[in-house]
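In what follows, a single structure is set out as structure tokens and then discussed.
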Amino acid sequence: MSRIESVEQLRTHYKAVSVRAAQKVLPRLDKHCRSFIGLSPFVMLATSSKAGELDVTPRGDQPGFVGIDDDGATLLLPDRPGNNRLDSLTNILEQPGVGLIFLIPGVDETLRVNGTAEIRADADLRARFAVDGKLPTSVLRITVREAYLHCAKAFMRSKLWDQQAQVERSVLPTLGEMLRDQIGNSDGFETQEQMVARFKQAMY
């Protein structure tokens with residue numbers, strides 16, 4: 003086994019970065035980035051605590067649910083009801099650096115954005131992202147440091163959007179069954195249908 007322990011050693015195993023890959027990084031969101039975000043109903047948010055403990059969480063809503071301000075220098079990400087663990091938000095309080103990957107169903111390319119975030123609870127900002135009169139508890143205000151489009155290879159290899167590659171939900175136990183086994187709870191558990199119905203009542 004050969005452990006790689008330096009950038010110089012790492013680089014000996016890879017080709018040089020292409021000129022296009024090196025130059026594609028933008029300091030703010032251009033028209034193509036904004037269009038991508040406007041079509042995206044799903045983003046992955048990566049955060050880190052001061053101790054270096056990492057977390058990645060999915061965030062989803064209707065396409066364009068992430069706002070753009072300041073001519074592409076700022077993103078606004080509303081926080082919808084979840085499990086209230088607050089892993090990402092707690093991390094941001096300790097370490098504001100964040101990374102995001104935006105996805106569009108059926109599109110193999112992705113958009114990557116890195117920046118710094120702050121948690122806002124301004125009434126007018128929360129109202130901007132109301133859905134059916136329900137406001138997000140808070141909004142992440144993300145100052146963009148860099149943004150760039152990512153190539154399609156990972157999605158082509160995984161066939162993520164290929165209908166023939168889709169997995170039937172029934173091949174896995176329900177979430178309730180898995181949680182019962184994982185936490186040793188012998189109480190009754192929700193069926194998949196009960197869980198989905200409960201979630202639909204608390205989407206916003």
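My numbering numbers the first residue of the sequence shown as 3 and each following residue consecutively. We treat Cβ as the ideally placed atom computed from N, Cα and C, and that holds for glycine.
Pair within 7 Å by beta-carbon distance, residue i and residue j
i: A199; j: L31; result: no
i: T145; j: G117; result: yes
i: I94; j: A123; result: no
i: Y16; j: V133; result: no
i: D183; j: T139; result: no
i: L127; j: V141; result: yes
i: L177; j: M197; result: yes
i: L105; j: F44; result: yes
Option in the options with minimal Cα separation from residue i
i: T112; options: R5, S42 and A204; result: S42
i: G101; options: S51, D134 and V58; result: V58
i: K202; options: D63, T14, H34 and S8; result: D63
i: R61; options: L28, D73, P175 and A48; result: A48
i: G74; options: S37, M46 and P83; result: S37
i: A53; options: F67, E96 and Q25; result: E96
i: K136; options: S172, A204, T76 and R22; result: A204
Collapsed DSSP secondary structure at residue i in the structure displayed
i: A167; result: helix
i: D57; result: strand
i: G69; result: strand
Strand pairing of residue i, partner residues [DSSP]
i: N85; result: Bridge partners of N85: none, in fact.
i: I121; result: L142
i: F104; result: V45 and L113
Residue i CB to nearest heavy atom of the ligand FAD below 6 Å
i: S4; result: Ligands displayed in this structure: none; no statement on the ligand FAD is therefore possible.
Alpha carbon of residue i to alpha carbon of residue j, nearest angstrom
i: L79; j: T193; result: 31 Å
i: F131; j: G69; result: 9 Å
i: D72; j: A156; result: 32 Å
i: A167; j: R143; result: 37 Å
i: T14; j: I6; result: 10 Å
i: P65; j: F191; result: 33 Å
i: G40; j: E55; result: 31 Å
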